[in-house]
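Trainee:
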Amino acid sequence: MDKDLILKISNLSKSFGPVRALRGVDFELRKGEIHAIAGENGAGKSTLMNVIDGILLPDSGEILFDGEPVRITSPAFAQQLGIGFVHQEIALCPDVTVAENIFMAATNTSRAFLMDYTPLQRKAGDALKRLGADINPSALVRTLSISQQQLVEIAKALTLDCRVLILDEPTAALTEREAQILFGIMRKLSAQGISIIYISHRLVEIFENCDRVSVFRGGQYIMTKAVAETTPGEIVKAMVGRVIDNLYPDKQTEAEKSDDIILDVRNLTERTRFRDISFQLKKGEILGIAGLIGAGRSEIVRGICKLEGDVTGEVLLRGRPLEINHYKESIAEGIVYLSEDRKGDGLFLEMPIASNISSLSLRQVASGPGFIDDHKEAEQAERLGRQLNLRYSHVGQSVSSLSGGNQQKVAIAKMLSVNPQVIFLDEPTRGVDVGAKAEIHRILRDLVRNAVGIVVISSELPELIGVCDRIIVIREGQISGEVSGESMTEERIMHLASIEEQRQAV
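Following this line, the structure appears as structure tokens:
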């Protein structure tokens with residue numbers, strides 16, 4: 001084995017019944033490098049990482065760690081080798097403190113009758129400071145935001161004596177500033193000789209921060225390239241097996257522009273979260289909402305839908321004032337919200353596709369009070385599945401068995417099942433691959449051309465700029481500006497999102 005390699009995988013295979021998740025995979029990781037793994041959902045990335053971390057055992061193949069053959073039988077054994085894994089899905093204990101979560105392994109193996117929490121909290125505070133995270137180590141995890149919980153996960157991994165650190169979509173819930181801090185930490189760790197496996201659907205991150213990139217497709221290894229010697233186009237083609245020319249569909253043309261107002265929000269205020277929010281959504285446009293995480297983007301749209309908060313102000317739908325007190329009344333009016341957390345709030349993962357799609361309004365598939373017509377439910381799911389190009393075996397299939405992109409399509413189908421007037425989509429392509437992103441963007445454009453109002457919240461500025469016709473920017477619970485046309489640039493949006501911060505720095 002090459003002395004520069006910390007990890008070498010040869011001819012590794014893993015099947016789940018008839019499904020071959022990995023087929024003769026090869027992979028090499030050098031000491032001190034940041035090595036990206038790219039591929040569509042279902043490509044085998046997560047399966048390979050779960051084998052490296054001891055969560056799964058391979059059916060065949062060889063793993064060499066620092067030149068020695070190993071059989072990684074559990075995550076605990078992987079930690080003993082020096083392998084740390086930060087999963088995409090948050091896996092913290094919500095009802096204990098941040099410090100206890102970070103040092104869970106240490107508290108579990110301690111022989112002391114009582115735990116001394118003072119040094120534990122001090123060490124946790126030091127680990128969080130390395131990430132630039134302003135998080136109280138004594139706070140309960142359930143009181144933290146998703147982005148804060150992600151930082152705790154990363155801090156937890158960094159406290160292990162890592163030689164190999166696996167990061168699975170680590171920036172999905174982070175602000176731009178938090179992501180940049182993470183990238184700085186990654187470079188420092190790399191300089192210290194720690195090897196990093198970096199999984200991301202965001203090619204910009206890969207090309208700005210990684211040394212090499214390996215591509216997987218359909219459970220097979222496709223290629224490895226030095227980042228400096230390849231292009232995003234080449235990587236995308238290797239990932240999907242075809243050329244994707246248009247990640248974003250054509251925008252609204254001049255002929256399609258209309259003065260017809262679908263949704264008119266006036267002076268929307270929630271005492272502690274946002275104030276004086278006023279905007280209009282016009283027919284034929286996709287409206288974007290930008291801002292730093294914590295600025296109030298999600299809270300505003302959840303307030304409109306009456307999902308949370310004591311909200312005042314006016315909401316008019318096609319000129320008609322609405323009196324909405326609960327989300328079910330919002331649904332009845334045709335205003336629906338797709339959560340950024342599709343697995344926590346958006347879908348019932350272990351239930352069938354058909355049941356998920358019908359769950360927003362059971363009346364449409366009922367044969368009488370308290371009775372679901374299975375035929376109607378399946379017919380509805382099949383119709384919407386065709387409309388969204390949903391890939392599945394049958395509508396009785398559990399949602400958990402679908403790829404991330406197809407899970408998101410089920411969530412969108414659930415919104416469409418009530419024939420909505422307006423759909424608010426919060427991070428609609430988070431955690432889905434580039435091919436599925438292109439399809440979802442096309443679906444949104446098709447919907448607005450069929451008179452459905454679409455509002456998109458996204459932390460990915462290139463996505464907002466690519467898919468939206470107009471963007472409003474939220475800063476500290478207020479609208480700080482609006483961009484469209486040539487003014488719709490990342491620099492302008494970030495300036496509006498953090499203008500007070502920039503003034504203070506002058």
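Residue 477 in the numbering used here is what sits at position 477 of the sequence shown, and the numbering runs on without skipping anything. For each residue, glycine too, the CB sits at the ideal point set by N, CA and C. None of these values were measured; they are calculated from a predicted model.
Taking only the alpha-carbon atoms, compute the straight-line gap between Ile423 and Arg492 and give it to the nearest angstrom.
Mentor: So the two alpha carbons sit approximately 26 Å from each other.
Trainee: Can you say whether Lys409 is buried or exposed, counting buried as having 16 or more other CB atoms within 10 angstroms of its CB?
Mentor: Flag for Lys409 reads buried.
Trainee: Any chance you could list the beta strand (DSSP E) runs of at least 3 consecutive residues sitting entirely within the stretch 192-255, in chain order?
Mentor: 195-199, 212-217 and 220-226, all fully within the stretch 192-255.
Trainee: Just the Cα atoms here: how many angstroms apart are Phe16 and Ile262?
Mentor: Computed Cα separation, rounded: 48 Å.
Trainee: Is it true that the CB of Leu360 sits closer than 8 Å to the CB of Val418?
Mentor: Cβ atoms of Val418 and Leu360: closer than 8 Å.
Trainee: Give me the Cβ distance between Arg20 and Asp4, rounded to the nearest whole Å; I'm assuming they're in contact under 8 Å.
Mentor: Between Asp4 and Arg20 the Cβ distance is about 31 Å, and since that is not below 8 Å, they are no contact.
Trainee: Tell me which residue opens and which closes the alpha helix (DSSP H) that Gln80 is part of.
Mentor: First-last of the alpha helix (DSSP H) with Gln80: Pro75 to Leu81.
Trainee: Per DSSP, what are the beta-bridge partners of Ser459 in this structure?
Mentor: Answer is none; Ser459 lacks a bridge partner.
Trainee: Quick check on the DSSP output: what are the complete beta strand (DSSP E) runs of length 3 or more inside the stretch 392-420, in order along the chain?
Mentor: Qualifying beta strand (DSSP E) stretches: none in this window.
Trainee: Would you give the residue range spanned by the alpha helix (DSSP H) that Phe297 belongs to?
Mentor: Residue 297 is actually Arg in this sequence, not Phe. Arg297 to Ile304 is the extent of the alpha helix (DSSP H) around Arg297.
Trainee: Rounded C-beta distance between Val141 and Pro170? I'm assuming under 8 Å.
Mentor: Wrong, their Cβ atoms sit about 17 Å apart, outside the cutoff.
Trainee: Beta-carbon separation of Ser278 and Arg266 under 8 Å?
Mentor: Their beta carbons are under 8 Å apart, which means Ser278 touches Arg266 by this criterion.
Trainee: Flag this pair as touching only if the stretch 217-230 and the stretch 182-189 have three or more C-beta atom pairs under 8 Å; answer yes or no.
Mentor: Verdict: no, contact absent.
Trainee: Are the Cβ atoms of Leu532 and Val434 separated by less than 8 Å?
Mentor: Only positions 1 to 506 of the chain appear in this structure, which leaves residue 532 out of reach.
Trainee: So Tyr166 and Phe85 are supposed to be a Cβ contact under 8 Å. How far apart are they, rounded?
Mentor: In the sequence under discussion, the amino acid at residue 166 is Ile, which differs from the Tyr named in the question. So it is a contact: roughly 4 Å between Cβ atoms.
Trainee: Does DSSP classify Phe85 as helix, strand or coil?
Mentor: It is a strand residue.
Trainee: Just grab the DSSP bridge partners of Ala38 for me.
Mentor: For Ala38, which the question treats as bridged, DSSP gives the partners Val215.
Trainee: Pick helix, strand or coil for Ala508, following the three-state DSSP scheme.
Mentor: Nothing in the structure corresponds to residue 508, since the chain is present only between 1 and 506.
Trainee: Quick check: the Cα distance between Ser256 and Gly453, rounded to an integer number of angstroms?
Mentor: Sequence check: residue 256 is Glu here, not Ser. C-alpha separation (whole angstroms): 14 Å.
Trainee: Per DSSP, what are the beta-bridge partners of Leu174 in this structure?
Mentor: Partner(s): none; Leu174 has no beta bridge.
Trainee: Under 8 Å by Cβ, that's how I've got Val365 and Glu350 pegged, so tell me the actual separation to the nearest angstrom.
Mentor: That belief does not hold up - the Cβ atoms of Val365 and Glu350 are roughly 19 Å apart, past 8 Å.
Trainee: Am I right that Asp276 and Gln478 are in contact with their C-beta atoms under 8 Å? What's the rounded C-beta distance?
Mentor: So it is a contact: roughly 6 Å between Cβ atoms.
Trainee: Can you tell me where the alpha helix (DSSP H) with Asn267 in it begins and where it stops?
Mentor: Element bounds for Asn267: not the alpha helix (DSSP H) but the beta strand (DSSP E), Ile261 to Glu270.
Trainee: Which of the three DSSP states is assigned to Arg442 in this structure?
Mentor: Helix at Arg442.
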